[in-house]
Amino acid sequence: SPPPPGAPSSPGSPAPHSSGLVIMQPLVTPSNLSFGTAPEDLPEMYSIAPSVKMKSIHWSKIAPTALANTLWVSERLYSPGGLQIPVERLETCFCQKQLKKEAAAAPATSTKPKEVIILDGQRKQNLGIVLKALKVDDATIRQGILVLDDEILPLEALKRLEAIFPTSEEMEMVMAYEDDIGLLSREDRFCRELGDIANLQQRLHSWIFMLSFEATCDDIIPNILEMSSAFHQLLHSMKFRDVLRLVLCFGNFINNTSGARQSKLVYGFRLQSLKKLLDVKTVDGKETFLDFLVDWVATEAPEALDFDAELSDVAEAVKVHLQTVKTSIAELKREITIIQRTLVAYNPCNAEDLYRTTMGPFVEQAQEAVKEIDKNFKIMNKSLEKVAVAFGEDLVAFQPEEFLLDVHLFINSWVAAIKRRQALEEKKISKSKKGKRTSPEPPPDPFSPMTVVTTVTPVTPASGSTLTSAQAQNPD
Numbered sequence: 001s002p003p004p005p006g007a008p009s010s011p012g013s014p015a016p017h018s019s020g021l022v023i024m025q026p027l028v029t030p031s032n033l034s035f036g037t038a039p040e041d042l043p044e045m046y047s048i049a050p051s052v053k054m055k056s057i058h059w060s061k062i063a064p065t066a067l068a069n070t071l072w073v074s075e076r077l078y079s080p081g082g083l084q085i086p087v088e089r090l091e092t093c094f095c096q097k098q099l100k101k102e103a104a105a106a107p108a109t110s111t112k113p114k115e116v117i118i119l120d121g122q123r124k125q126n127l128g129i130v131l132k133a134l135k136v137d138d139a140t141i142r143q144g145i146l147v148l149d150d151e152i153l154p155l156e157a158l159k160r161l162e163a164i165f166p167t168s169e170e171m172e173m174v175m176a177y178e179d180d181i182g183l184l185s186r187e188d189r190f191c192r193e194l195g196d197i198a199n200l201q202q203r204l205h206s207w208i209f210m211l212s213f214e215a216t217c218d219d220i221i222p223n224i225l226e227m228s229s230a231f232h233q234l235l236h237s238m239k240f241r242d243v244l245r246l247v248l249c250f251g252n253f254i255n256n257t258s259g260a261r262q263s264k265l266v267y268g269f270r271l272q273s274l275k276k277l278l279d280v281k282t283v284d285g286k287e288t289f290l291d292f293l294v295d296w297v298a299t300e301a302p303e304a305l306d307f308d309a310e311l312s313d314v315a316e317a318v319k320v321h322l323q324t325v326k327t328s329i330a331e332l333k334r335e336i337t338i339i340q341r342t343l344v345a346y347n348p349c350n351a352e353d354l355y356r357t358t359m360g361p362f363v364e365q366a367q368e369a370v371k372e373i374d375k376n377f378k379i380m381n382k383s384l385e386k387v388a389v390a391f392g393e394d395l396v397a398f399q400p401e402e403f404l405l406d407v408h409l410f411i412n413s414w415v416a417a418i419k420r421r422q423a424l425e426e427k428k429i430s431k432s433k434k435g436k437r438t439s440p441e442p443p444p445d446p447f448s449p450m451t452v453v454t455t456v457t458p459v460t461p462a463s464g465s466t467l468t469s470a471q472a473q474n475p476d
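Reading the sequence shown from the start, the letters are residues 1 to 476 in the UniProt record's numbering.
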């Protein structure tokens, strides 16, 4: 008796059914799935083989390790059950070439072949944009990749290409296409043009790394030097020490209130406390403790007033994120290691393939450059540790970025206080000069000897009399 539906009599043999229908038979097991090794507990898959060569459906495959938790498995969507396949109809509709009919076929009408698109729509669109911008044909791009010619493919073009380049699975789908290549879309043909280049994605990535290596180092090295210089200045600035001494001594005096339950005197303070100097105001509320310090230093110790000049590199160092520098160095090392491993197993695809001859010398030079960078980073890190110890910071919890920011903000506040003081001084001088110009002159003192005016009135003497000079001066 025939087997029940869904239970085939022998693997790979379709069970006959009326009207050209067959029941799917077990053909594929987890050990030989076309998309890789599946989990051990994945059940058998059923399929049958067509009798003629068919067109292809280009699946976007699911990774084998992800299959177990998908609906395809949990809901048994893979199971054919009693599904009947219309073999003849499918073969007639989707065979690669039209089947010959016993009856005379009607004359075929001339139709334009339809373009075949394999890549995902978004991938195709993005790749098309990049290819259009390059303005070179596929063969030239292939040649540029083989000989690593950055005139054909500049760095920015490579970055754009890598960002939207098809995955290895998508490349496999394109390479599996066996029909008329001329029907493929431009983007699919491009992928086929490059499909035989070994480790293509890694090759592009390594090439980008090589072209951008110098610029990457130019970003890292100044950051290390700026941090090292800032730490050196903090450790050796005598003027900054003088200012810190004043802050501590004046602060201890203020805190040493008689009758306090607990002494507030300290031997030192963390530099994050410097920002609090702006919070302490004078009695009239017009100035801060920082303004007082600046005024005192300007009057009594002017040599320390410009201590910020000895900490000139702090402003640049505060922009550096140490963890980013550390990560960048580690990334350089990782990329070099990957290229080294690639070179060991690399087989050129033809005589024009210059990947090994170009990348080999580059990796040696890059490795030496990274060693030097790493050496400078370790020296900087030693200075960092010395700063942490010198200023009483917990080395384990020390955040150099925050520490430098506290110093930077204090410097800015100090300079701003100096400018406020100068503005007040200039205002006083200007007011004093203006007062002198507008003050009225006092009226002359009539009793002052310098202002006495003697008026002589002429007198006509009487007839027969003579006016002596004494009488003329004193008529009385």
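For every residue, glycine included, the Cβ atom is placed at its ideal position computed from N, Cα and C.
This structure is a prediction, so every number in the text was calculated from the model and none was measured.
#1: Could you check where the alpha helix (DSSP H) with Ser312 kicks off and where it finishes?
#2: To the nearest angstrom, report how far apart Pro113 and Glu178 are at their CA atoms.
#3: Would you tell me roughly how many angstroms separate the C-alpha atoms of Leu184 and Lys124, rounded to the nearest one?
#4: Taking 8 Å as the limit between beta carbons, can you name the residues of its chain near Ile208, skipping five residues before and five after?
#5: If I follow the unbroken alpha helix (DSSP H) through Phe391, where does it start and stop?
#6: Could you check the C-alpha separation between Glu115 and Asp180 for me, to the nearest Å?
#7: Can you tell me the Cβ-Cβ gap for Val320 and Asn223, rounded? I've got them flagged as a contact below 8 Å.
#8: With three or more beta-carbon pairs closer than 8 Å as the criterion, would you say the region 263-282 touches the region 325-338?
#9: Is it a yes or a no for the region 390-409 touching the region 218-235, going by three-plus beta-carbon pairs under 8 Å?
#10: Give every residue of the same chain whose Cβ lies closer than 7 Å to the Cβ of Asp295, excluding the five residues on either side of it in the sequence, and list them in chain order.
#11: So Glu187 and Gly121 are supposed to be a Cβ contact under 8 Å. How far apart are they, rounded?
#12: Tell me the rounded alpha-carbon separation between Ala423 and Leu293.
#13: Give the straight-line distance between the Cα atoms of Val389 and Thr282, rounded to the nearest whole angstrom.
#14: As an exercise, report each continuous alpha helix (DSSP H) stretch of at least 4 residues that is fully enclosed by the region 270-307, in chain order.
#15: Report the three-state DSSP secondary structure of Leu153 (helix, strand or coil).
#16: Since Lys239 and Phe307 are thought to touch, with beta carbons under 8 Å apart, how far apart are those beta carbons, to the nearest angstrom?
#17: Could you tell me the distance, in whole angstroms, from the CA atom of Gly360 to the CA atom of Ile221?
#18: Within this structure, are the beta carbons of Ile145 and Leu194 separated by less than 8 Å?
#19: For Ser51, collect the residues of the same chain with a Cβ closer than 6 Å to its Cβ; drop the 5 residues on either side in sequence, then sort them by chain order.
#20: Rounded to whole angstroms, what is the Cα-Cα separation between Ala198 and Thr357?
#21: Could you work out which residue in Ile164, Gln399, Asn256 is closest to Asn126 when comparing CA atoms only?
#22: What is the residue span of the alpha helix (DSSP H) that Gln399 lies within?
#23: Quick one: Cα of Glu385 to Cα of Phe391, how far?
#24: So, for Met175: in the same chain, excluding its five sequence neighbours on each side, which residues have a beta-carbon less than 7 Å away from its beta-carbon?
#25: Helix, strand or coil, according to DSSP, for Cys349 in the structure here?
#26: Do three or more CB pairs link the region 347-356 to the region 132-152 at distances below 8 Å?
#27: State the Cα-Cα distance for the pair Thr216 and Thr337, rounded to the nearest angstrom.
On the basis of the data shown:
#1: Residue mapping note: residue 312 aligns to position 312 of the sequence shown, counting from 1. Neither: Ser312 is in no alpha helix (DSSP H) and is coded neither H nor E.
#2: Within the sequence shown, residue 113 is the residue found at index 113, counting from 1. Within the sequence shown, residue 178 is the residue found at index 178, counting from 1. Whole-angstrom Cα-Cα distance: 16 Å.
#3: Position 184 of the sequence shown holds residue 184. Position 124 of the sequence shown holds residue 124. Roughly 12 Å between the two C-alpha positions.
#4: For the purposes of this step, residue 208 is identified with residue 208 of the sequence shown, where counting begins at 1. Closer than 8 Å at the Cβ level, and outside the excluded window around Ile208, lie Leu155, Leu158, Lys159, Glu162.
#5: Looking up residue 391 in the sequence shown gives position 391. Note, Phe391: premise wrong, no alpha helix (DSSP H); not H, not E.
#6: Translated into positions along the sequence shown, residue 115 becomes position 115. Translated into positions along the sequence shown, residue 180 becomes position 180. Using only the alpha carbons, I get a separation of about 10 Å.
#7: Locating residue 320 in the sequence shown gives position 320, counting from the first residue. Locating residue 223 in the sequence shown gives position 223, counting from the first residue. Yes, they are in contact, since the Cβ atoms of Val320 and Asn223 sit about 5 Å apart, within 8 Å.
#8: no
#9: yes
#10: Against the sequence shown, residue 295 aligns to sequence position 295. Excluding positions up to five away in sequence, the list reads Arg421.
#11: Here residue 187 is taken as the residue at index 187 of the sequence shown, counted from 1. Here residue 121 is taken as the residue at index 121 of the sequence shown, counted from 1. 10 Å between Cβ atoms; not a contact.
#12: Taking the first residue of the sequence shown as position 1, residue 423 is located at position 423. Taking the first residue of the sequence shown as position 1, residue 293 is located at position 293. Going from the Cα of Ala423 to the Cα of Leu293 covers about 16 Å.
#13: Locating residue 389 in the sequence shown gives position 389, where the first residue counts as 1. Locating residue 282 in the sequence shown gives position 282, where the first residue counts as 1. Near 34 Å, if we compare the C-alpha coordinates of Thr282 and Val389.
#14: 289-300
#15: Taking the sequence shown and counting its residues from 1, one reaches residue 153 at position 153. It is coil, neither helix nor strand.
#16: Position 239 of the sequence shown holds residue 239. Position 307 of the sequence shown holds residue 307. The Cβ separation is near 4 Å, so the contact holds.
#17: Here residue 360 refers to the residue found at position 360 when the sequence shown is read from its first residue. Here residue 221 refers to the residue found at position 221 when the sequence shown is read from its first residue. Looking at the two C-alpha atoms, the distance is approximately 24 Å.
#18: Here the question's residue 145 lines up with position 145 in the sequence shown. Here the question's residue 194 lines up with position 194 in the sequence shown. Yes, the Cβ-Cβ distance between Ile145 and Leu194 is below 8 Å.
#19: Reading the sequence shown from its first residue, position 51 is the one you call residue 51. Hits under 6 Å: none found.
#20: As a working mapping, residue 198 is identified with position 198 in the sequence shown. As a working mapping, residue 357 is identified with position 357 in the sequence shown. Straight-line Cα distance between these residues: approximately 15 Å.
#21: Here residue 126 refers to the residue found at position 126 when the sequence shown is read from its first residue. Comparing Cα positions, the closest option is Ile164.
#22: Residue mapping note: residue 399 aligns to position 399 of the sequence shown, counting from 1. Looking at the DSSP string, Gln399 is not in any alpha helix (DSSP H), and its letter there is neither H nor E.
#23: For the purposes of this step, residue 385 is taken as the residue at position 385 of the sequence shown. For the purposes of this step, residue 391 is taken as the residue at position 391 of the sequence shown. Rounded to the nearest angstrom, the two C-alpha atoms are 10 Å apart.
#24: Translated into positions along the sequence shown, residue 175 becomes position 175. Only Arg192, Gly195 meet the Cβ criterion.
#25: Numbered from 1 along the sequence shown, position 349 holds the residue referred to as residue 349. If DSSP states are grouped into helix, strand and coil, Cys349 belongs with coil.
#26: yes
#27: The residue given as residue 216 occupies position 216 in the sequence shown. The residue given as residue 337 occupies position 337 in the sequence shown. Cα to Cα, Thr216 sits roughly 17 Å from Thr337.
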